[in-house]
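Here is the structure we will look at, set down as structure tokens.
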Amino acid sequence: MTSMFEWLLRFLAWLSRRPVLRIRIVEDKPEQQVGGLIFEVENASATVTSLVPTVRSRFWFPEKGRYRKGNALYDVRELDRELPPFKAKMLSASAQILPPGYGFAWFRVYEFQPRRGPRARVRIRSAMLEPLGAVRFAFELWRFRLTGRVRRPTPATLAEMEAQRRSRGPH
308 MTSMFEWLLR FLAWLSRRPV LRIRIVEDKP EQQVGGLIFE VENASATVTS LVPTVRSRFW
368 FPEKGRYRKG NALYDVRELD RELPPFKAKM LSASAQILPP GYGFAWFRVY EFQPRRGPRA
428 RVRIRSAMLE PLGAVRFAFE LWRFRLTGRV RRPTPATLAE MEAQRRSRGP H
């Protein structure tokens with residue numbers, strides 16, 4: 308029984324030392340070739356880690372009247388990607404290649420990989436960069452694939468869109 312208890316303690320200690328990333332997408336400008344993706348990353352654990360220099364993205368984009376799956380790779384521009392514990396850092400990344408309809412892409416998933424630990428995924432509904440949880444994202448994507456429509460009310464004017472974006476705040 309002692310060995311089982313020790314094993315459990317070691318497992319819990321290992322879990323507590325694993326790096327966990329918290330990420331917020333600030334901007335994604337496909338027309339800007341250098342540093343178009345700006346994001347804030349925080350290491351929410353006591354273990355120092357660093358970020359792998361590539362960011363993967365999956366999305367649905369319009370092409371010839373239909374929505375198609377797309378993938379993109381971004382290269383992180385900063386050389387200092389070390390993530391100290393509990394400190395946020397602003398980084399930028401440049402896309403290698405983006406499809407022409409990327410600006411109108413829906414259901415984006417950005418995947419960030421620390422040197423050690425699990426990948427962090429940020430799920431976004433549209434170009435408004437509104438983050439969604441995993442369950443809601445899966446449900447809305449499923450509904451989108453069945454009907455071809457998104458049933459979420461969106462801002463009607465550019466002023467409403469900017470007001471909604473500002474309401475998310477700088478944090």
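When you number the sequence shown by this note's numbering, it's gap-free, plus one each residue, and the end is 478.
Glycine included, every Cβ here is placed at the ideal spot set by N, Cα and C.
Could you please give the first and the last residue of the uninterrupted alpha helix (DSSP H) stretch that includes A445? 441 to 454
Taking a contact to mean a Cβ-Cβ separation below 7 Å, would you say F419 touches I330 in this structure? yes
Label L316 either buried or exposed according to how many other C-beta atoms from any shown protein chain fall within 10 Å of its C-beta, with 16 as the threshold for buried. exposed
What residues match up with A400 in a beta bridge as DSSP calls it? L344, V383
Give the single residue among S433, W314, F444, R388 whose Cα lies nearest to the Cα of G410. Closest by alpha carbon: S433.
Given a cut-off of 7 Å on the beta-carbon distance, is the pair A395 and E347 in contact? yes
Whether R422 touches T361 by CB criterion (7 Å): no
Sub-7 Å separation of L439 and R426 beta-carbons: no
Should S323 go down as buried or exposed, given a rule of 16 or more other Cβ atoms within 10 Å for buried? Counting every other CB atom within 10 Å of its CB across the protein chains shown gives S323 a total below 16, marking it as exposed.
In whole angstroms, give me the CA-to-CA distance for L390 and W321. The straight-line gap from Cα to Cα measures roughly 19 Å.
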